Amino acid sequence: MSEFDVIIVGGGHAGIEAAQVAAKFSKVALIIPNPNTIGMMPCNPAIGGPGKSQLVYELHALGGVMGILADKTAIHTRTLNASKGPAVQSLRVQNERDAYSVEARALIESIPNISIVRAEVASLLEKDKKIRGILTSDGRTVKAKSVVLCTGTFLAGVVWYGKEKREAGRQGEAPARYLSDSLRKTGHKLTRFKTGTPPRIRFDSVNFDALEMVAADNPAKSFTGRTNAKAHASPTWLTHTTLDTHTLIENNLQHSAMYGGEIDSKGPRYCPSIEDKIVRFKDKDRHLLFVEPDGLETSEVYLQGFSSSLPPYLQDEMIRTLPGFEKAVIQRYAYAVEYDILDPTQLYTTMMSKKLAGLFSAGQINGTSGYEEAAAQGFIAGLNAANFVNNKELVTITRDRAYFGVLLDDLVRWGIDEPYRILTSRNEYRLLHRQDNAEERLSELAYQWGTIDEARYRLVKESLDKVKAEVERFDNSRYKGELASKILRRPEEKYQSVVSYIGESEIILTELEKEKVEILIKYKAYIERNQRDLESRKRYENMKLTGIDYKKVNSMSNEGREMLEHILPDTLGAAQRLRGVRDSDITALLVHLKSR
Amino acid sequence: MSLPPTNDTISAIATASGIAAVGIIRISGNQSFEIAAKIFKSKKNKDISKLKAGQAIYGQVVDADELIDEAILLSFRAPNSYTTEDIIEIQTHGGPAILKKVLELTISHGARLAQAGEFTLRAFLNDRIDLLQAESILNLVNAQSDSARRNAAMGLNKDLSKKLDLIQSQITQVYASIQAVFDYPEEGVPDAEFREPLLSTIEIIDNLLKTAKAGKISQRGAKLAIVGKPNVGKSSLLNALLGFERSIVSNIPGTTRDYLEVMLDINGVPVLAIDTAGIRETQDIIEEQGVVAALDIAKNADLVLYLFDASQDLADFDYDGLEPNRSIIIANKIDLLDNTAKLDSKIQRISVTNNQGLEDLKDLIKEKLIGDLSSTEFWISTERHEEALKQVKVHLEQALRVSEDLASIDLELALKTLAEMTGRHEISEEALEYIFANFCVGK
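Quick mapping for you: the protein sequence lines, in order, are chains A and B.
The numbering used here applies: residue 20 is where the first sequence begins, and numbers increase by one.
The numbering used here applies: residue 4 is where the second sequence begins, and numbers increase by one.
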């Protein structure tokens with residue numbers, strides 16, 4: 020029997036962040052059946068994208084590692100929405116799949132406070148409504164005061180190739196067979212979700228000359244300010260479906276597990292299978308597909324947009340209807356996977372279970388989709404698992420501060436009925452929560468939490484002061500009688516063009532800092548309005564609802580009371596966002612708060 | 004559902020609606036003195052923004068240089084006020100049109116129209132009232148706002164609901180399309196200019212707003228001023244419109260004004276008619292000055308009747324200077340005229356004594372006030388709805404001017420404002436549904 024402070028179950032993107040942050044404050048056991056699978060990218064070999072890149076920047080600001088791993092292994096970077104304005108600009112990085120995993124494992128192994136334990140978890144150990152550790156499937160007991168579950172799609176996972184199914188967490192790996200029961204026994208409600216992956220094609224069987232090439236940004240961009248030499252070494256490519264593809268699929272729908280009725284759990288709208296796309300959009304004669312390399316010396320490419328639950332023999336035929344893929348050979352077939360999730364309304368925004376103190380969960384087990392969403396939750400869950408052990412207050416991030424907050428708040432307040440993906444449109448404060456200002460928004464918090472050191476915090480502050488000073492200079496300098504800041508607000512003007520009128524700044528600014536100055540000045544009116552709106556609600560967001568017995572609140576509607584008791588919102592602000600809670604319930608709650 | 008913000012400045016008419024001797028506009032929040040300073044001129048030229056607590060100042064409410072009404076301003080300084088915030092109360096001579104005008108001024112200078120019970124909510128949040136009081140007051144507020152919501156849900160007439168739904172879905176479509184490009188770049192969503200349909204949305208809103216006047220008039224009555232030189236028959240016309248002979252003595256006590264007001268029903272439209280009789284009638288003034296003085300009084304009226312003696316020479320009268328929708332020129336005593344042909348065609352001809360032309364005049368008054376709308380078409384009948392739609396329009400116009408990431412924020416705000424009227428709050432969910440139904444996105 021071994022004893023730790025914190026147990027992390029699973030070494031995917033949630034598990035990595037949870038382990039590395041918890042290890043800053045506690046002794047960690049990372050439990051995983053096969054350590055070679057740490058940091059795998061089972062879906063596409065890319066990090067970032069709209070909403071997701073903001074999460075990665077925020078995670079980096081807080082002391083997470085995803086940005087570092089992604090930058091180290093980047094082979095192609097691209098700024099999306101470059102022409103659409105800073106609120107929605109986002110970075111997407113293609114990675115060397117194997118290198119990412121190797122780097123991730125090396126990082127975990129380099130942290131002295133983390134012990135890797137090879138095992139499958141059989142059940143949770145609990146006593147007096149508190150977690151005590153876990154029991155492995157080979158009969159070992161691992162004790163700890165808190166446990167973080169980052170099991171991805173492995174909980175009672177079933178993989179489908181056409182109508183053939185087998186129990187698996189993902190291709191070729193055993194599922195977590197026992198944990199679901201243990202969760203049910205400790206009072207948790209589970210639901211079943213479904214997602215899918217596209218086929219991987221042999222690199223040398225693709226005729227790349229027939230594909231449209233998408234060049235990488237040069238110079239490359241990064242999440243951390245440090246790019247590697249290969250960061251623009253590879254292009255990506257585009258192809259598309261043809262009428263032949265569509266006919267083939269339409270004629271064979273009955274062979275799909277989804278359309279044949281075998282799988283009835285909910286799949287993500289964000290990740291429709293190629294069958295879904297063709298059935299739902301009959302009038303479209305082609306669908307765009309993305310051909311992503313797995314690495315620089317790779318043997319396969321990933322065919323984004325072509326996930327399917329049709330049987331392998333059909334996939335072979337389907338692939339060959341695509342331009343450039345006439346002779347393509349599938350190396351790994353597309354499959355659908357079904358798995359158990361914990362209904363996330365059973366969680367606090369700290370990612371701790373309401374049912375079992377000391378039990379945390381993060382990532383796909385909570386019903387999200389995406390590496391970035393998983394990593395963000397993993398970080399919060401891991402930090403709080405350590406805080407729980409050390410009797411420190413559990414922390415969270417509110418939705419007015421970051422995409423992190425939007426993700427956590429969305430998850431716990433409504434629950435979800437399909438895999439949840441972060442989107443810029445989910446964030447009403449997206450103009451304030453840009454990828455360029457993640458550090459200035461979150462460094463102070465991270466410093467307070469102890470997840471970044473003082474030196475780094477000071478650097479952020481110094482940079483911020485430089486930006487402020489430069490904005491001030493623009494507000495006070497004139498060119499031909501006109502304020503520099505006013506000139507910069509014209510759509511055609513840029514920071515550099517206005518500097519050519521008013522002269523260079525005495526302080527040396529980095530490119531990123533110049534960009535910030537430009538955004539702050541150009542978008543001033545909107546940023547201020549957003550800020551005012553946010554301030555105006557702060558009062559409610561600061562009214563804590565912890566420990567309220569809703570039965571004792573007078574004159575509440577039954578519906579409102581039930582919802583509040585189920586979700587247990589952290590604040591009055593969060594309570595107002597719940598469905599079925601009326602104005603009169605909120606005022607009743609207000610009166611109750613004041614009378615306590 | 005959500006409670007209103009707590010740190011901005013709010014404003015509302017604090018007296019019951021209807022025609023009262025004195026009406027009060029209350030402004031609460033840290034900007035209230037600043038806002039008051041912009042719309043209130045003290046007789047003694049005091050700086051309103053620097054007023055101490057407990058002052059009562061006599062002066063005028065003004066819109067830039069234009070006089071709106073004479074009024075008294077009361078100042079309360081935080082924390083010694085009902086809400087514990089800075090409060091200004093402006094007492095005017097009542098009259099819905101004037102109160103509304105003053106309220107609009109406060110809003111155009113940065114106040115937000117307060118929701119029902121919002122002053123009380125602030126008082127409570129700031130510990131100004133105790134729990135017992137609070138519970139009873141807040142219950143009342145809830146009862147009101149619940150019934151207001153019921154009204155909002157059911158009372159919105161069907162046509163208005165439909166129109167708002169249409170507006171909301173048009174905006175949602177544009178918003179969703181823009182967001183689809185943002186959230187699914189490079190995924191085959193056509194990167195087009197999606198905003199054009201907003202122009203037609205703005206047109207729909209404009210048409211709705213046009214009915215606001217009629218809608219509100221149908222609820223609270225229109226203000227009708229009758230101006231003209233002495234002895235042209237103003238009082239007789241008023242009596243004729245009233246339908247029976249009656250001495251008009253509803254001189255409003257407590258006001259310094261010498262005009263007469265009387266409630267009329269003109270073909271189903273409630274009208275508060277103001278006869279400028281009594282003002283300067285004894286003075287010997289030349290015609291032009293008389294018209295100027297009358298204009299001054301009439302400027303807050305919804306409609307002004309300019310009454311002349313048919314035998315008078317109107318050659319110098321400046322027809323073009325009048326707003327056609329707000330004025331009717333009437334020649335009285337046409338029975339004394341042999342030949343009416345020389346009267347301008349824009350002039351309404353009547354003879355009060357012979358009961359001639361009065362029915363046509365009533366029709367015309369009705370038409371000018373509410374147009375050709377039937378009562379089912381009074382779509383917008385409350386200030387709140389009008390204010391909300393105006394705000395939606397501002398956001399849409401802005402969304403057309405700015406870059407797309409900002410436009411999406413304006414559209415979101417427009418949708419939020421609409422949601423307050425329609426109760427459809429699931430903005431992002433509706434947008435997502437539109438995206439997934441219309442674009443094949445997701446990898």
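Backbone N, C-alpha and C define an ideal beta-carbon position, used for all residues, glycine too.
Here the structure is a predicted model, which is why all the values come from computation and not from measurement.
{"Check": "Rounded straight-line distance, which links the Cα of Y85 (chain B) to that of D287 (chain B)", "Outcome": "Residue placement at D287 (chain B) is poorly supported in this model, since its pLDDT is 43, which falls under 50; the coordinates still yield a value, given next. So the two alpha carbons sit approximately 50 angstroms from each other."}
{"Check": "C-alpha gap between I229 (chain B) and E400 (chain B), whole angstroms", "Outcome": "38 angstroms"}
{"Check": "A400 (chain A) beta carbon less than 8 angstroms from that of E77 (chain A)", "Outcome": "no"}
{"Check": "Local Cβ density within 10 Å of A248 (chain A), reported as buried at 16 or more and exposed below that", "Outcome": "exposed"}
{"Check": "Chain A within 8 angstroms of S253 (chain B), Cβ atoms only", "Outcome": "Only weak support is given to the placement of S253 (chain B): the predicted model assigns it a pLDDT of 38, under 50, and the question is left unresolved by the model."}
{"Check": "Backbone CA spacing between M337 (chain A) and V320 (chain A) [nearest angstrom]", "Outcome": "16 angstroms"}
{"Check": "Top-ranked residue by Cα proximity to I181 (chain B), from B:D168, B:P200, B:K165 and B:L167", "Outcome": "B:P200"}
{"Check": "Continuous alpha helix (DSSP H) assignments of at least 4 residues falling wholly in the region 184 to 262 of chain A", "Outcome": "198 to 204"}
{"Check": "Cβ neighbours of L241 (chain B) in the same chain (closer than 7 angstroms, five flanking residues each side left out)", "Outcome": "I229, I251, V265, A276 and D278"}
{"Check": "Residue environment, N446 (chain A), which counts as buried when at least 16 other CB atoms sit within 10 Å", "Outcome": "buried"}
{"Check": "Close Cβ partners of I110 (chain B) (< 8 angstroms) along its chain, the five nearest in sequence each way excluded", "Outcome": "S14, L116 and E390"}
{"Check": "Own chain partners of Q595 (chain A) with C-beta closer than 8 angstroms, once the 5 adjacent residues on each side are dropped", "Outcome": "Y559 and I605"}
{"Check": "Contact under 8 angstroms by Cβ, P54 (chain A) with R185 (chain A)", "Outcome": "no"}
{"Check": "The beta strand (DSSP E) enclosing K149 (chain A), as first and last residue numbers", "Outcome": "K149 to T155"}
{"Check": "Chain-order list of residues whose beta-carbon lies under 7 angstroms from that of E532 (chain A) (same chain, five-residue window excluded)", "Outcome": "S482, K485 and V486"}
{"Check": "Neighbour-count burial assignment, I133 (chain A), 16 or more Cβ in a 10 Å radius", "Outcome": "buried"}
{"Check": "Straight-line Cα distance separating T214 (chain B) from E391 (chain A)", "Outcome": "51 angstroms"}
{"Check": "Straight-line Cα distance separating K204 (chain A) from K43 (chain A)", "Outcome": "32 angstroms"}
{"Check": "Rounded distance between the beta-carbons of L102 (chain B) and G26 (chain B), thought under 8 angstroms", "Outcome": "4 angstroms"}
{"Check": "Selection from B:G271, B:R329 and B:G236 that minimises the alpha carbon distance to F311 (chain B)", "Outcome": "B:G236"}
{"Check": "Beta bridge counterpart(s) of R548 (chain A) as assigned by DSSP", "Outcome": "Bridge partners of R548 (chain A): none, in fact."}
{"Check": "Minimum Cβ-Cβ distance from E433 (chain B) to chain A less than 8 angstroms", "Outcome": "no"}
{"Check": "Check: I546 (chain A) C-beta below 7 angstroms from any heavy atom of the ligand HEM", "Outcome": "Ligands in the displayed structure: none, and consequently the ligand HEM is not present."}
{"Check": "Inter-residue spacing [alpha-carbon to alpha-carbon] between K47 (chain B) and G62 (chain B)", "Outcome": "8 angstroms"}
{"Check": "R580 (chain A) (DSSP reduced to helix, strand or coil)", "Outcome": "helix"}
{"Check": "Beta carbon proximity, L409 (chain B) to chain A, threshold 8 angstroms", "Outcome": "yes"}
{"Check": "Proximity below 8 angstroms, CB of D362 (chain A) to CB of G434 (chain A)", "Outcome": "yes"}
{"Check": "Beta-carbon proximity of L375 (chain A) to K148 (chain A), cut-off 8 angstroms", "Outcome": "yes"}
{"Check": "Extent of the continuous beta strand (DSSP E) run through N335 (chain B)", "Outcome": "S330 to N335"}
{"Check": "Three-state secondary structure assigned by DSSP to E326 (chain B)", "Outcome": "coil"}
{"Check": "Given G191 (chain A) as reference, the closest of A:Q273, A:H306, A:Y352 and A:L202 once Cα atoms are compared", "Outcome": "A:Y352"}
{"Check": "Distance between L163 (chain B) and F36 (chain B) (C-alpha atoms, nearest Å)", "Outcome": "37 angstroms"}
{"Check": "Segment contact, 8 angstroms Cβ cut-off, at least three pairs: the region 83 to 99 of chain A with the region 226 to 237 of chain A", "Outcome": "yes"}
{"Check": "Under 8 angstroms between C-beta atoms of Q39 (chain A) and Q454 (chain A)", "Outcome": "no"}
{"Check": "Residue span of the beta strand (DSSP E) that contains L144 (chain A), given as start and end", "Outcome": "V140 to K146"}
{"Check": "Integer-rounded CB distance, given that L108 (chain B) should sit under 8 angstroms from I42 (chain B)", "Outcome": "5 angstroms"}
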